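Counted the way the numbering used here counts, the sequence shown spans residues 8 to 373. Scroll down for the structure; my scribbles are underneath it.
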Amino acid sequence: MRGSDLIYMKRALVLAEQKGRDAHPNPRVGAVLVREGKVVGEGAHEHYGQPHAEINALRRAGSRAKGATLYVTLEPCSHQGKTPPCADTLIRAGIVRVVAAMEDPFPLVRGSGFEKLRRAGIRIEKGLLQKEAWVLNERFIFSVTQGRPMVILKAAMSLDGKIATVSGKSKWITGEKARQKAHALRAQADALLVGSETALADNPQLTVRLPRHQRRDGWPKRVLLDSRLRVKPGAFLFKGNQSTLVFCSQKASLDKRKALQKKGILVFPVTTMGKMLSLKAVLKQLYQEGVRVLMVEGGGQVHGSFLDQGLADEAALFISPKIFGGLAPSWAGGRGFSHPDQTPFLRDTRVEKIGEDYLLTGKVER
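The structure is reproduced here in structure tokens:
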């Protein structure tokens, strides 16, 4: 590695972080093209389904790309997805050297991009700032290596852990600043999931309502767990330009399935575990639909089921200083655990004060 390599790779990471926020469910990637000590082109993968970072850098470089070195935060792809293989385009452009932060863990790539470039005579060097590149796409990497979405449990609760009062009222537990932060977290997910009880009680929209949120491509998707298809086709969940997927029992009414499908809703009958839908089956299907990060927004029984089945990976808990008391519902139901030593817990926790509320985040340790 050369001394200047570090400078250019840092720039590629900045591009990925700053411009790649709407790339998900694809990873954030940045690229810088350097020829004779000068940057001739740079770019990021800015929007899902649009050109990758390498292609944007090549377009800005034009004919100056010939004989250049490419600094890229992730191995160039070698397969036809929503866009053509980047490796082929780099070869045709006359790139002579590629410095990559890390290998792409996605099974359809995983080293094959490097191999294609090597066969074309391009020198490959990898591993520069690998840790930083890994952290940038940690959730994507988890998903493609585990074969399921990373699951984040999100809830807004009172100080005593309740998600509604004894009368069932839940609007609003937290203040406006916390609600804006919740929408920012939604914008980072590929899909937002609720159960039928929450859908019937709150009629949520599950949309991202932020002034600068520009996505109009159906992401993040909305997901409903509704074993008996009790939620009516006129619910807010089924309106707007976001895609909606519904999971139901295999015994659910065929007429109700057809009514949803007529509205363009994808309906997936899955196996059950007792009275609950198999969450493994749900996650498997969501992964096939391209979902890499799933945010679960409740209710308590749904959160509890993910915990019971060992399928929760992170938590984002908004905590209000209000105290509800009584037998109001808590944010995590399910079967529960019989002994304190057997329970899941949060590690790597962080607490952020947002207005009068707090956001507690962490990774679920099982």
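Ideal Cβ positions, reconstructed from N, Cα and C, are used throughout, including at glycine. On a predicted model such as this, the values are computed, not experimentally measured, just so you know.
Reduced DSSP secondary structure (H/G/I, E/B, other) of residue i
i, result
"Lys133", "strand"
"Val289", "helix"
"Arg125", "helix"
"Ala100", "helix"
"Glu49", "strand"
"Gly369", "strand"
"Glu321", "strand"
"Ser150", "helix"
"Met16", "helix"
"Glu43", "coil"
"Asp167", "coil"
"Asp111", "coil"
"Glu2", "An answer regarding residue 2 cannot be provided, because it is not within the stretch 8 to 373 covered by the chain."
"Lys360", "strand"
"Phe313", "helix"
"Leu353", "strand"
"Ala94", "helix"
"Gly333", "coil"
Residue from the options whose Cα sits closest to the Cα of residue i
i, options, result
"Ser150", "Met280, Arg342, Pro34, Gln308", "Pro34"
"Phe313", "Val105, Gly74, Leu160, Pro92", "Leu160"
"Asp12", "Asp95, Ala339, Val105, Gln87", "Val105"
"Arg357", "Lys265, Pro351, Thr368", "Thr368"
"Asp29", "Gly69, Asp197, Ala189", "Asp197"
"Tyr294", "Ile148, Ala75, Gly128", "Ile148"
"Leu236", "Arg193, Ala259, Phe121", "Ala259"
"Ala100", "Leu40, Phe275, Met280, Ala108", "Leu40"
"Val46", "Ala339, Asp111, Glu82, Leu77", "Leu77"
"Leu135", "Leu124, Thr278, Ala288, Val79", "Val79"
"Lys370", "Leu324, His346, Pro328", "Leu324"
"Phe243", "Lys263, Lys270, Ile330, His54", "Lys270"
"Lys228", "Ala75, Lys73, Met302", "Met302"
"Val289", "Gly340, Gly88, Leu65, Leu232", "Leu232"
"Ser327", "Gly48, Gly182, Leu22, Gly281", "Gly182"
"Ala322", "Arg193, Arg71, Asp348", "Arg193"
"Asp111", "Ile129, Leu166, Ala68, Asn144", "Asn144"
"Gly50", "Glu43, Gly74, Lys73, Arg18", "Arg18"
"Ser70", "Leu261, Arg42, Glu296, Arg155", "Arg42"
Neighbour-count burial assignment, residue i, 16 or more Cβ in a 10 Å radius
i, result
"His59", "buried"
"Lys169", "buried"
"Gln308", "buried"
"Ile14", "exposed"
"Ala127", "exposed"
"Glu122", "exposed"
"Asn248", "exposed"
"Val142", "exposed"
"Gly241", "exposed"
"Gly306", "buried"
"Thr96", "buried"
"Val103", "exposed"
"Gly37", "buried"
"Ile330", "exposed"
"Gly27", "buried"
"Pro347", "exposed"
Residues near residue i in its chain [Cβ-Cβ closer than 7 Å; skip 5 each side]
i, result
"Leu286", "Ser312, Phe313, Gln316, Leu318"
"Phe113", "Val151"
"Ser177", "Ile170, Ala171, Asp209"
"Met16", "Tyr78, Val106, Ala108, Leu135, Leu136"
"Ala140", "Leu20, Thr80, Leu81, Ala108, Met109"
Cutoff 8 Å; reference residue i; Cβ partners in own chain excluding five residues on either side
i, result
"Glu304", "Lys161, Ala162, Leu199, Leu200, Val201, Thr205, Pro211, Leu213"
"Leu207", "Arg237, Val238"
"Arg342", "Gly311, Asp315"
"His86", "Pro92, Leu115, Val116, Ser119"
"Ile272", "Pro240, Phe245, Thr251, Leu252, Val253"
"Ser256", "Ser234, Arg235, Pro276, Val277, Thr279, Leu284"
"Ser337", "Met164, Gly168, Lys169, Ile170, Gly307"
"Arg264", "Leu236, Cys255, Val274, Pro276"
Sequence-distant residues of its chain with Cβ nearer than 6 Å to residue i (five each side left out)
i, result
"Val173", "Gly333, Ala335"
"Glu359", "Leu366"
"Leu217", "His190"
"Ile361", "Lys184, Ala185, Lys188"
"Phe275", "Phe254, Gln292"
"Arg125", "Ile131"
"Ala94", "Pro83, Ser85, Gly120, Lys123, Leu124"
"Glu372", "Phe352, Arg354"
Proximity test, Cβ basis, 9 Å: residue i and chain B
i, result
"His310", "Among the chains of the structure shown, chain B does not appear; only one protein chain is present."
**OP:** Pick out the complete beta strand (DSSP E) segments inside the stretch 216 to 300, 3 residues or longer, and give them in chain order.
**Re:** 228 to 232, 251 to 256, 273 to 277
Subject >> Those runs of the beta strand (DSSP E) which lie wholly inside the stretch 53 to 81 and span at least 3 residues >> reply: 76 to 79
Subject >> Minimum length 3: unbroken beta strand (DSSP E) runs contained in the stretch 185 to 212 >> reply: 198 to 202
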